[in-house]
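The block underneath contains the structure these notes are about, expressed in structure tokens.
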Amino acid sequence: MRYFWVSYILSIGLILASCEINNQESEPITDKDSIPVIRPDPEYFFKIGNNLYYRYSDIELYDSSTHILYFKANHPEFEKYSQSYFSVIVNCDTVYKGDFWPMFRSDAPQRVIIETYPFWLQNYALWIENDRNIKPDLRNAPAIIEALKEHNLLHSGLLIEIKNLEITSTQAAFSFSVTNKDQSALWIMDPDKMGINLFHYFTNGLVLKKENSPYIYIKVPYESPSSYNTWKIEWLTKLNSGEAKTFNFTHPLSSSIAPGEYTVTFLFPGFLSQIDKDKLVQDNARIWLGKIRSSVWISL
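Under this note's numbering, read the sequence shown as residues 20 to 319, first letter to last.
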């Protein structure tokens with residue numbers, strides 16, 4: 020009987036050779052449960068560890084502006100794999116891999132990550148981050164974008180642009196536009212509605228970086244919500260597809276900034292784990308989650 024099963028497994032391997040997933044990960048999964056080997060399939064798009072696969076049909080959408088993968092259902096099993104790794108697959112080929120990265124780790128990631136302990140988002144979405152700008156960044160690789168388009172899962176999210184930036188010895192004044200590049204209407208945080216101080220609870224002010232010099236953070240007073248999970252639809256503005264809104268900020272400086280050439284960055288925020296799955300869509304518009312940066316160069 021033993022030799023029968025060996026022959027059977029070998030024959031199955033030959034049948035599946037035409038759809039083999041390249042570059043199988045040699046790392047062990049951290050979950051100790053016994054998980055059956057799953058047959059590779061062109062409909063698989065996302066894999067956790069060695070054996071946990073998700074099909075295109077499990078996915079609701081992918082936001083290419085934030086690199087957030089939304090699922091149709093909640094997935095409490097994500098917690099089991101919070102120190103494992105993941106792969107993004109197209110036509111049985113692994114396009115890239117990344118790590119689930121507990122925030123208590125002291126070493127630096129070597130590839131893209133999904134932060135855990137805690138997860139930034141509830142378990143209906145996974146946020147694939149690359150804050151260290153690790154190259155190559157394949158999160159929006161052409162093969163991935165085309166596959167998602169074919170399955171009607173690609174959403175373009177938001178575009179943020181800094182405009183009219185002026186920094187003097189006493190203040191930093193700038194405007195930024197938020198454009199909905201998505202095919203769906205989106206709810207975004209609106210500092211005019213929620214108040215500038217509450218808005219800055221969710222994001223910093225401008226950040227300046229001069230070559231070979233430390234970061235300069237323009238600190239802005241902030242107001243905390245009554246609790247971390249507190250949010251109100253009245254804080255948000257609905258942007259239809261293609262619609263844009265411009266905001267104007269003026270921040271006083273505690274000290275003047277030395278002359279030089281700087282990269283100036285602004286981080287536009289969205290909600291994170293505050294939003295439950297059943298609250299994500301309001302009035303036929305999706306609440307935009309995550310964060311997105313805009314950077315410009317300035318000479319002072």
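Don't be surprised by glycine CBs; every beta carbon is placed ideally from N, CA and C.
For residue i, the residue or residues it bridges with in DSSP
i      : result
LEU313 : This sequence places Ser at residue 313; Leu is not what is there. Per DSSP, PHE285.
ARG305 : LEU205 and VAL300
VAL107 : PHE65 and TYR115
PHE90  : ILE78
GLU185 : ALA192
PHE268 : PHE193
PRO121 : THR135
Reference residue i, options the options, closest by Cα
i      : options                           : result
ALA204 : TRP307, THR85, ASP60 and SER76    : TRP307
SER4   : ILE311, ASN152, ARG124 and ALA162 : Any property of residue 4 remains undetermined from this structure, which presents the chain solely from 20 to 319.
GLU261 : ASN223, ASP201, ASP295 and ILE215 : The question names Glu, but residue 261 is Gly in the sequence shown. Minimum Cα distance to GLY261 is reached at ASP201.
GLU253 : ASP150, PHE138, ASP209 and HIS170 : ASP209
LYS298 : ASP118, ASN159, ILE179 and GLN141 : GLN141
ALA192 : PHE268, HIS219, LEU255 and ALA144 : PHE268
GLY176 : LYS264, THR265, ASN199 and PHE97  : ASN199
PHE119 : LYS168, VAL109, ASN149 and ILE108 : ASN149
TYR281 : LYS229, TYR247, ASN259 and ILE311 : LYS229
Alpha carbon of residue i to alpha carbon of residue j, nearest angstrom
i      : j      : result
VAL239 : SER76  : 44 Å
ASP156 : SER84  : 13 Å
GLU44  : GLU79  : Low confidence applies here, because GLU44 scores a pLDDT of 48, under 50, leaving its location unreliable and the question unanswered by this model.
GLU62  : MET122 : 32 Å
GLY279 : SER318 : 6 Å
GLY214 : TYR241 : 10 Å
VAL300 : LEU145 : 17 Å
SER275 : GLN190 : 8 Å
PHE138 : LEU272 : 34 Å
ALA304 : ALA277 : 44 Å
Cβ distance (whole Å) where residue i is taken to contact residue j below 8 Å
i      : j      : result
VAL315 : ILE181 : 5 Å
LEU15  : TYR81  : For the chain, the structure presents residues 20 to 319; residue 15 sits outside this window and is missing.
PHE218 : PHE285 : No, PHE218 and PHE285 are not in contact; Cβ-Cβ is about 12 Å, not under 8 Å.
Any alpha helix (DSSP H) of 4 or more consecutive residues that is wholly inside the segment 191-235: 210-213 and 215-218
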